Amino acid sequence: MNKVLLCYFWLTLSITMPFLSYTQHANTNEKDFKLLLKKANHGNKYAQNEVGNCYLNGRGVEQNNILAIEWIQKAASQGLLEAQMKLASVYYDGTQGIESNKEKAFEWYSLAAQHNHPESKFKLAEMFYKGIGTRVDLVKAYEWFLNAANQGLPQAEYMVGKLLDEGDIKSQDNVKAFDWFMKAANKGLAEAQYILGKMYDEGDGVQKNVTLAFEWYLKAAEQNLPEAQLNVGFMYDTGEGVAINKEKAFQWIKKAADAGLMEAQFGLGNKYDSGDGVSKDKILAFQWYLKAAEQGYEDAFYTVGIKLYDGEGTPINKFDAYKWLLKAAEIGDSEAQFIVSKMLLKGDGVIKDPAKGAEWLNKAIEFGDAEDFAALAQIYDNGEGVKKDKMKAFEWYHKAAVKGLKEAQYNLGCMYANGEGVAMNRKMAFHWLFQAAEQGLTEAEFQVGKMYYNGDSIKKDKAKAMIWFQKAALKNDVQAQYNLATMYETGDGVPVDKIKAFEWYYKAASNGDNEAQFFIGKKYFLGEGIEANQQKAFEWFLKSAEQGNISSEINIGYMYENGEGVAMNKQKAFEFYSKAAEQGFSEAQFNIGNMYYKGEAIAQNKEKAFEWYSKAAEQNLPIAQYYLGLLYCDGDGIAKNISQGEHWLKKALYNVDTDKELHALIKASLAKYKFKK
Numbered sequence: 239m240n241k242v243l244l245c246y247f248w249l250t251l252s253i254t255m256p257f258l259s260y261t262q263h264a265n266t267n268e269k270d271f272k273l274l275l276k277k278a279n280h281g282n283k284y285a286q287n288e289v290g291n292c293y294l295n296g297r298g299v300e301q302n303n304i305l306a307i308e309w310i311q312k313a314a315s316q317g318l319l320e321a322q323m324k325l326a327s328v329y330y331d332g333t334q335g336i337e338s339n340k341e342k343a344f345e346w347y348s349l350a351a352q353h354n355h356p357e358s359k360f361k362l363a364e365m366f367y368k369g370i371g372t373r374v375d376l377v378k379a380y381e382w383f384l385n386a387a388n389q390g391l392p393q394a395e396y397m398v399g400k401l402l403d404e405g406d407i408k409s410q411d412n413v414k415a416f417d418w419f420m421k422a423a424n425k426g427l428a429e430a431q432y433i434l435g436k437m438y439d440e441g442d443g444v445q446k447n448v449t450l451a452f453e454w455y456l457k458a459a460e461q462n463l464p465e466a467q468l469n470v471g472f473m474y475d476t477g478e479g480v481a482i483n484k485e486k487a488f489q490w491i492k493k494a495a496d497a498g499l500m501e502a503q504f505g506l507g508n509k510y511d512s513g514d515g516v517s518k519d520k521i522l523a524f525q526w527y528l529k530a531a532e533q534g535y536e537d538a539f540y541t542v543g544i545k546l547y548d549g550e551g552t553p554i555n556k557f558d559a560y561k562w563l564l565k566a567a568e569i570g571d572s573e574a575q576f577i578v579s580k581m582l583l584k585g586d587g588v589i590k591d592p593a594k595g596a597e598w599l600n601k602a603i604e605f606g607d608a609e610d611f612a613a614l615a616q617i618y619d620n621g622e623g624v625k626k627d628k629m630k631a632f633e634w635y636h637k638a639a640v641k642g643l644k645e646a647q648y649n650l651g652c653m654y655a656n657g658e659g660v661a662m663n664r665k666m667a668f669h670w671l672f673q674a675a676e677q678g679l680t681e682a683e684f685q686v687g688k689m690y691y692n693g694d695s696i697k698k699d700k701a702k703a704m705i706w707f708q709k710a711a712l713k714n715d716v717q718a719q720y721n722l723a724t725m726y727e728t729g730d731g732v733p734v735d736k737i738k739a740f741e742w743y744y745k746a747a748s749n750g751d752n753e754a755q756f757f758i759g760k761k762y763f764l765g766e767g768i769e770a771n772q773q774k775a776f777e778w779f780l781k782s783a784e785q786g787n788i789s790s791e792i793n794i795g796y797m798y799e800n801g802e803g804v805a806m807n808k809q810k811a812f813e814f815y816s817k818a819a820e821q822g823f824s825e826a827q828f829n830i831g832n833m834y835y836k837g838e839a840i841a842q843n844k845e846k847a848f849e850w851y852s853k854a855a856e857q858n859l860p861i862a863q864y865y866l867g868l869l870y871c872d873g874d875g876i877a878k879n880i881s882q883g884e885h886w887l888k889k890a891l892y893n894v895d896t897d898k899e900l901h902a903l904i905k906a907s908l909a910k911y912k913f914k915k
């Protein structure tokens, strides 16, 4: 069973506020009313509001809704928040004999919101959001939700997160949305707790963490939110984020089903059907399937139909079976299409109709349209519930590709390229990838660019490669952006253009490519294609390093060590050098050796220094070989070994390239120890 990944639902929020009584008496008598009326006639807004309430509720005077509204409006016009909110509420709901008037409700909520009253702001935002009493204006809705959220109203915090998450008012920002959902969730708002669970579940705006997903789902479930209860049940069922517990899974799914959630009702039917976490009961299984189907849950249509057809958990009723199977067939269920076709062809429980039977049989054989073909192909391709079968996957992708489905054309091209389910054929791979690329599929555009670039089954053409890379890059394909950058950087098929190289590296880096982030850092560091900026260089190196880029790790170490672009921090330098060194980066290994040798950021340890110098030296890093040679010659931290010293100094001399200063040092050391060059 799949967890419910619910589309965001609108919160049904009942926001009310106490309307203060001027007299503080629930039962105002006639004498009290006359005193209030006198004060009200003298312009006392509190008395005016209370007179209105008396007329509205028949306290101390005969009920009169018209006069009630007139007096409350007098108080509201003087800026009394309680009166403004009362008018807004009465007009919004149409209560107490007053006809609903959303436009007037909007006007009074607008005035009430100006009192810095968070609930009023929220209600005003809600009306802008739904277009109640005013036109839909998501920007204004967001502004008022944010205003109320900044005052700590959890429902408003949730809605700010929702608008940011869905990108309704500006660019989508799942990370900021997560922060707002967290505020509301920590205040106990069940809907926000559910969404947090969903975001952790999917890694949406936060690193995927099924354990935290379960915890947040559980908080919402304990507040009786059915969608959360169902997901808690599913997670107990599968052991995702929590230990498998079939009994608890059943209990939570049942809570959601009892609350009327159709997905849960269907899931509960499955539980009773299979005896999973509960005693098997085919009758109860059918009853729950039927509840789900009657609410329009499409997955239940076929199940209810086939059980009525077979008489499983319910008496055989082929007439009703046909109705449910037809519903399933009409939404594309191939098995239902096949059974419906048989029933029509044979007159089995329905009036015989060979023509319609033939139509449904044809649909069943073809499994519907191209999307259906592709979906079946993916099932075989990935082994989803069936044995993985690349040949069958290829067959169905081919059917979908011939019908023009670009995603299927792309997958077919990849299968030809890799020899999966069909003999490898690079020309056919190009053919299908090109078809998908011409339909604008980004992944295919990139692959076509690569094939032109490499001359893979076609004539090499870097100009065409550039065109296709650019198409994909403009749609934010990171690989294409990076390839364009390197082509402009090196003049590969295009004139060298450091500025354009920087632009494309920057796009790829902004989309999270760690190699591009490294190059942006490098360009800021060296001032290539952009003005040098050590601080920005550090920031980009750090982004790249945090994704495990070794070159960036050593550069971050260098910048921390030397205080370039960031405050000097030897401990941080050691930390980043260590990351790169442990991945075999020779320069980092040498730097770690140096820090151990000098006792920088860590206690001096010449034995450790020797170990790291050795690792770097074995990778033919000349400076490490030079230092290792000196250690052996001097017996510094290790047993003195002249022959090993000579060996490493000579290797250093052999491997040194353009570093004249190091070359001179090595020669001087060879002379010092009287080694022949």
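For the record, in the sequence shown the residue sitting at position 312 is 550 according to the numbering used here, with numbers rising by one throughout. Cβ coordinates follow ideal geometry from the N, Cα and C atoms, glycine included. Nothing here was measured: the structure is a model prediction, and the numbers come from that model.
Selected residue, minimal CA-CA separation from residue i, among the options
i: GLU541; options: PHE504, PHE576, SER512; result: Sequence inspection shows Thr at residue 541; the Glu mentioned does not correspond to that position. With distances taken between Cα atoms, THR541 lies closest to PHE504.
i: GLU777; options: GLU769, LYS760, GLY767; result: LYS760
i: GLY507; options: SER517, TYR527, GLY515, LYS518; result: TYR527
i: VAL894; options: ILE876, HIS353, GLN863; result: GLN863
i: GLY549; options: PHE524, LYS738, GLU825; result: PHE524
i: ASP619; options: THR552, ALA638, GLU658, ALA847; result: GLU658
i: PHE668; options: THR680, GLY678, GLN685, ALA661; result: GLN685
i: GLN461; options: CYS871, TRP490, MET437; result: TRP490
i: ALA909; options: GLY875, ASP897, ASP874, LEU868; result: LEU868
i: GLU345; options: LEU722, ASN282, THR333, SER358; result: SER358
i: SER816; options: GLY803, ALA805, ASN832; result: ASN832
i: GLN467; options: GLY443, LYS446, GLY435, ASP442; result: GLY435
i: ALA839; options: LEU325, PHE812, MET500; result: PHE812
i: ALA321; options: GLY335, TYR911, SER338, ALA343; result: ALA343
i: GLU597; options: SER348, GLN575, GLY883, GLU364; result: GLN575
i: ALA285; options: LYS889, ASN714, GLN316; result: GLN316
i: ILE705; options: SER695, LEU722, ILE696, ASP694; result: LEU722
i: ALA930; options: LYS844, LYS853, THR896, ALA890; result: The structure shown has nothing for residue 930, since the chain only spans 239 to 915.
i: TYR330; options: GLN785, LYS324, SER338; result: SER338
i: ASP442; options: ALA422, ALA458, ALA415; result: ALA415
i: GLU645; options: PHE848, GLN616, LEU362; result: GLN616
i: GLY290; options: GLN301, PHE271, ILE310; result: ILE310
Classification of residue i by the beta-carbon crowding that lies within 10 angstroms, buried from 16 upward
i: TYR260; result: Below a pLDDT of 50, predicted positions are generally treated as unreliable, and TYR260, at 41, falls in that range; no measurement from the model is reported.
i: PRO392; result: buried
i: HIS355; result: buried
i: GLY656; result: The amino acid occupying residue 656 in the given sequence is Asn; Gly does not appear at that position. It is exposed - the Cβ of ASN656 has fewer than 16 other Cβ atoms within 10 Å.
i: VAL716; result: buried
i: PRO860; result: buried
i: TYR892; result: exposed
i: PRO733; result: exposed
i: PHE557; result: exposed
i: ARG373; result: exposed
i: GLN352; result: exposed
i: LYS665; result: exposed
i: ASN800; result: exposed
i: PRO464; result: buried
i: GLY623; result: Confidence at GLY623 is low in this model, with a pLDDT of 46, below 50, so its placement is unreliable and no value can be given for it.
i: GLY822; result: exposed
i: ILE304; result: exposed
i: ILE737; result: exposed
i: VAL588; result: buried
i: GLN262; result: Note that GLN262 scores 40 on pLDDT, short of 50, meaning its location in the model is unreliable and no value can be drawn from it.
i: THR254; result: In this prediction, THR254 has a pLDDT of 37, which is less than 50 and means its spatial position is unreliable; what the coordinates show is noted afterwards. Per the 10 Å Cβ criterion, exposed.
i: SER907; result: buried
i: LYS241; result: Because the pLDDT of LYS241 is 48, which lies under 50, any placement of that residue in the model is unreliable, and the question is left without a value.
Notebook entry, point to check: What residue ranges within the stretch 295-361 form continuous alpha helix (DSSP H) runs of no fewer than 4 residues, ordered along the chain?
Noted result: 303-315, 319-331, 340-351
Notebook entry, point to check: Per the contact definition of three or more C-beta pairs closer than 8 Å, is the stretch 399-409 in contact with the stretch 376-388?
Noted result: yes
Notebook entry, point to check: At which residue ranges does the stretch 826-898 contain complete alpha helix (DSSP H) runs of 4 or more residues, listed in the order of the chain?
Noted result: 844-855, 860-872, 880-893
Check: Enumerated in chain order, which unbroken segments of the alpha helix (DSSP H) with a length of 4 residues or greater are wholly contained in the stretch 471-530?
Finding: 484-496, 500-512
Margin query: Quick check: the stretch 477-487 against the stretch 443-454, are at least 3 beta-carbon pairs closer than 8 Å?
Written below: yes
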